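Contents: one structure, followed by commentary.
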Amino acid sequence: MPDDQPPQPAPGRTPDPKGDEHHSHRALAGAVRAVSGVTLLSRLGGLVRDVLLGRIFGNTAMGSAFAAAFAIPNMFRRLFGEGALSAAFIPEYTDALKDDPARADELASLTVRILGAVAGGLTVVIELVLLALLLTLPRDADRELSLRLIMVMLPFMPMICIVAVLAGMLQVHGRFAASSSGPLLLNGFIIAVGLYHELFATHATEGTAYALAIATLLSGFTQAFWFARLLRPHVRWTRVFAHVRDRASRMLHRFIPVMIGMGTLQLNAFLDTLVAMWPIWVGPTLLGYAYPLDDGSNIILSLTTRLYQFPLGVFGIAVATATFPLLARHTDRPDLFISTLRRGLRLSMFIGLPASIGLVLVRSDLTRVLFSGGTSGFDEQGLARSAAVLAGFAPGVWAYSINHVLTRAFYARGDTRTPMRIAIAMVGVNLALNCTLIWFLREAGLAWATSTSAVVQCAVLAIVCSRTLKIRILDRDTAVAFARLVVAGLLMGLAVWLAITFIPSPPGWRGSMVRLVEACLVGVGAYAALTSILRGPELAWLLKRS
Numbered sequence: 016m017p018d019d020q021p022p023q024p025a026p027g028r029t030p031d032p033k034g035d036e037h038h039s040h041r042a043l044a045g046a047v048r049a050v051s052g053v054t055l056l057s058r059l060g061g062l063v064r065d066v067l068l069g070r071i072f073g074n075t076a077m078g079s080a081f082a083a084a085f086a087i088p089n090m091f092r093r094l095f096g097e098g099a100l101s102a103a104f105i106p107e108y109t110d111a112l113k114d115d116p117a118r119a120d121e122l123a124s125l126t127v128r129i130l131g132a133v134a135g136g137l138t139v140v141i142e143l144v145l146l147a148l149l150l151t152l153p154r155d156a157d158r159e160l161s162l163r164l165i166m167v168m169l170p171f172m173p174m175i176c177i178v179a180v181l182a183g184m185l186q187v188h189g190r191f192a193a194s195s196s197g198p199l200l201l202n203g204f205i206i207a208v209g210l211y212h213e214l215f216a217t218h219a220t221e222g223t224a225y226a227l228a229i230a231t232l233l234s235g236f237t238q239a240f241w242f243a244r245l246l247r248p249h250v251r252w253t254r255v256f257a258h259v260r261d262r263a264s265r266m267l268h269r270f271i272p273v274m275i276g277m278g279t280l281q282l283n284a285f286l287d288t289l290v291a292m293w294p295i296w297v298g299p300t301l302l303g304y305a306y307p308l309d310d311g312s313n314i315i316l317s318l319t320t321r322l323y324q325f326p327l328g329v330f331g332i333a334v335a336t337a338t339f340p341l342l343a344r345h346t347d348r349p350d351l352f353i354s355t356l357r358r359g360l361r362l363s364m365f366i367g368l369p370a371s372i373g374l375v376l377v378r379s380d381l382t383r384v385l386f387s388g389g390t391s392g393f394d395e396q397g398l399a400r401s402a403a404v405l406a407g408f409a410p411g412v413w414a415y416s417i418n419h420v421l422t423r424a425f426y427a428r429g430d431t432r433t434p435m436r437i438a439i440a441m442v443g444v445n446l447a448l449n450c451t452l453i454w455f456l457r458e459a460g461l462a463w464a465t466s467t468s469a470v471v472q473c474a475v476l477a478i479v480c481s482r483t484l485k486i487r488i489l490d491r492d493t494a495v496a497f498a499r500l501v502v503a504g505l506l507m508g509l510a511v512w513l514a515i516t517f518i519p520s521p522p523g524w525r526g527s528m529v530r531l532v533e534a535c536l537v538g539v540g541a542y543a544a545l546t547s548i549l550r551g552p553e554l555a556w557l558l559k560r561s
């Protein structure tokens with residue numbers, strides 16, 4: 016029997032709630048380990064990828080153009096694939112598997128075909144718009160390079176959207192490790208081209224940027240082919256979908272509100288990119304005033320974003336990814352639903368809070384170790400600006416993690432409208448903060464706006480979740496656990512600060528590397544010891560297999 020399936024009671028026997036709860040917790044921990052393990056490899060690959068991009072492009076206009084071109088198809092992936100459609104698809108697919116696996120396969124096949132057609136059509140429309148802009152706008156080398164790179168990478172969007180839905184299917188079937196393997200292929204393609212450049216080139220050219228864009232596109236086709244092979248028994252290219260029309264209709268009913276909510280979030284992400292790319296796409300002024308950002312702002316913002324997304328992606332999103340199918344499975348068992356949700360929230364805080372504190376403390380050493388050197392690399396001003404951006408993003412890591420879990424609690428219950436309304440409100444908060452803070456903090460203002468909005472969204476989601484879903488999230492045990500984790504995190508931060516402040520280290524890059532290693536060792540050791548002394552069970556939850 017697969018690990019993710021609850022044991023079935025023997026005929027005539029009463030189900031054991033405690034046994035089911037124990038199995039649910041074990042399944043959650045196992046899923047988190049599987050997703051985190053593969054995601055750790057992919058995030059390490061992503062870190063190597065971003066280090067190479069920083070060393071190749073530096074904080075230059077070419078680097079900003081490539082970062083924007085890479086971000087735009089990924090915005091659509093988060094909207095259509097990992098975001099809206101997965102949130103609508105996974106609960107319906109999970110329910111269909113319980114009733115009739117053959118009908119579930121038909122639903123999956125229909126979903127993939129519709130998504131491919133819609134995303135492909137949208138790609139053609141955007142390509143034509145970009146071509147029209149190239150032909151009509153005044154000549155500007157940096158802007159034209161940016162638009163052409165977007166045109167090259169945009170076909171990555173339909174492929175990666177399909178991959179995201181196929182990954183959702185793998186999760187429902189309990190293949191969490193396989194579902195998280197796609198980024199390994201993406202990183203492998205880009206790293207191969209980046210290493211070739213580092214070995215045989217002396218400086219970045221437009222040819223380098225185009226080669227990296229083509230590598231990204233090829234990785235999308237490879238991921239789609241690989242996931243389709245893994246799901247070959249379940250994705251059928253039949254034309255008979257009459258049996259799943261009702262389920263497809265319900266999925267569409269859920270999809271539209273989530274798409275609107277996620278669309279506002281992706282609009283928010285696009286606005287961040289627009290704010291950072293304004294000097295390249297529009298010009299160096301705004302309403303007659305000198306614009307506070309420059310042509311290197313987007314590459315600084317983009318690469319630094321990956322640093323706070325590293326712990327978030329490896330652990331925070333892994334917890335939410337593993338929690339979602341379990342929540343969807345337990346919608347008819349309120350006791351297991353709330354137990355799984357609380358445990359997911361505690362694991363998110365257990366991982367997210369020390370990550371927030373640690374990233375703030377090591378921001379300068381981390382950015383210097385990763386982004387200096389190479390054929391270009393960040394200059395001293397670029398490194399200082401990158402550290403300031405990381406200081407803005409880091410305080411919100413715990414909130415980003417919890418938001419993913421809380422949102423999936425709504426989706427699992429079929430409520431896609433409430434998170435949509437909250438997301439729309441948060442876009443307004445974030446945009447207002449963006450437009451205000453950049454004049455004082457430059458690109459770091461975008462980071463502070465993002466983390467502040469995430470904390471506000473976390474509070475709103477928690478309150479509304481308790482009221483709308485009639486769930487008491489913060490019972491006594493959960494509240495005490497959160498307080499214990501805050502104490503452990505603060506004491507860990509103190510230990511790390513003492514270590515990097517008073518332990519001697521050599522100057523320059525080597526000194527930053529030594530301090531960074533010291534901080535990681537002290538932080539991990541201190542946090543593990545403190546949570547053990549304070550009798551926190553979260554680490555044991557992640558490690559135990561029974």
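Offset between the sequence shown (1-based) and the working numbering: plus 15.
All C-beta atoms in this analysis are idealised placements derived from N, C-alpha and C, irrespective of residue type, glycine included.
Predicted, not measured: the structure shown is a model, and the values here were computed from it.
Sequence-distant residues of its chain with Cβ nearer than 7 Å to PRO521 (five each side left out): VAL529
Over what stretch of residues does the alpha helix (DSSP H) that includes ARG358 continue unbroken? 349 to 386
Going straight from the alpha carbon of GLY551 to that of LEU500, what length do you get? 8 Å
Which one of LEU456, PHE393, ALA534 and GLY538 has the shortest CA to CA distance from ILE71? PHE393
Contacting residues, own chain, Cβ-Cβ under 8 Å from GLY27 (five flanking each side not counted): Here GLY27 scores only 44 on pLDDT, less than 50, and its place in the model should not be relied on; the value that follows carries that caveat. Answer for GLY27: no residue qualifies.
What residue does the alpha helix (DSSP H) around GLY460 start on, and which one ends it? 458 to 483
Within 10 Å of its beta-carbon, does ASP19 have 16 or more other beta-carbons around it, so buried, or fewer, so exposed? Unreliable positioning characterises ASP19 in this predicted model, as indicated by a pLDDT of 39, which lies under 50. A coordinate reading is not provided.
Which stretch, first to last residue, makes up the alpha helix (DSSP H) that contains SER547? 523 to 548
Please state the DSSP three-state secondary structure of LEU246. coil
Could you give the distance in angstroms between the alpha-carbon of THR231 and the alpha-carbon of GLY222? 14 Å
Roughly how many angstroms lie between the CA atoms of LEU351 and HIS345, to the nearest whole one? 6 Å
Grab me the residues of VAL420's own chain with a C-beta within less than 8 Å of its C-beta, minus the 5 sequence neighbours each way, in chain order. VAL334, ALA335, THR338, LEU356, GLY359, LEU360 and SER363
Leaving out five residues before and five after PRO173 in sequence, what residues of the same chain have Cβ atoms less than 7 Å from its Cβ? GLY131, ALA134, GLY135 and THR138
Could you say which of ILE141, ALA156, ASP110 and ALA440 lies nearest to VAL563 if we only look at CA atoms? Here the chain covers residues 16 to 561 and nothing more, so residue 563 does not appear.
Leaving aside the five residues before and after MET16 along the sequence, list all residues of the same chain whose C-beta is less than 6 Å from its C-beta, in chain order. In this predicted model, MET16 has a pLDDT of only 34, less than 50, meaning its place in the structure is not dependable enough to derive any value.
Between the C-alpha atoms of PRO21 and LEU112, what's the straight-line distance to the nearest angstrom? Low confidence applies here, because PRO21 scores a pLDDT of 38, under 50, leaving its location unreliable; read the following figure in that light. Their Cα atoms are separated by approximately 14 Å.
Quick one: using the 10 Å Cβ neighbour count with 16 as the cut-off for buried, is ARG260 buried or exposed? exposed
Any contact between the stretch 372 to 380 and the stretch 54 to 66? By contact I mean 3 or more CB pairs, one from each, below 8 Å. no
Residue from ALA464, ALA503 and VAL475 with nearest C-alpha to LEU286: ALA464
Is the beta carbon of GLY407 less than 7 Å from the beta carbon of ALA462? yes
Which residues does DSSP list as the beta-bridge partners of TYR304? LEU301
Between which two residues does the alpha helix (DSSP H) holding PHE81 run? 76 to 91
Within this structure, are the beta carbons of GLU458 and LEU316 separated by less than 7 Å? yes
In whole angstroms, what separates the C-alpha of GLY78 from that of GLY209? 13 Å
Taking all protein chains shown into account, decide if VAL297 is buried (16 or more other Cβ within 10 angstroms of its Cβ) or exposed. exposed
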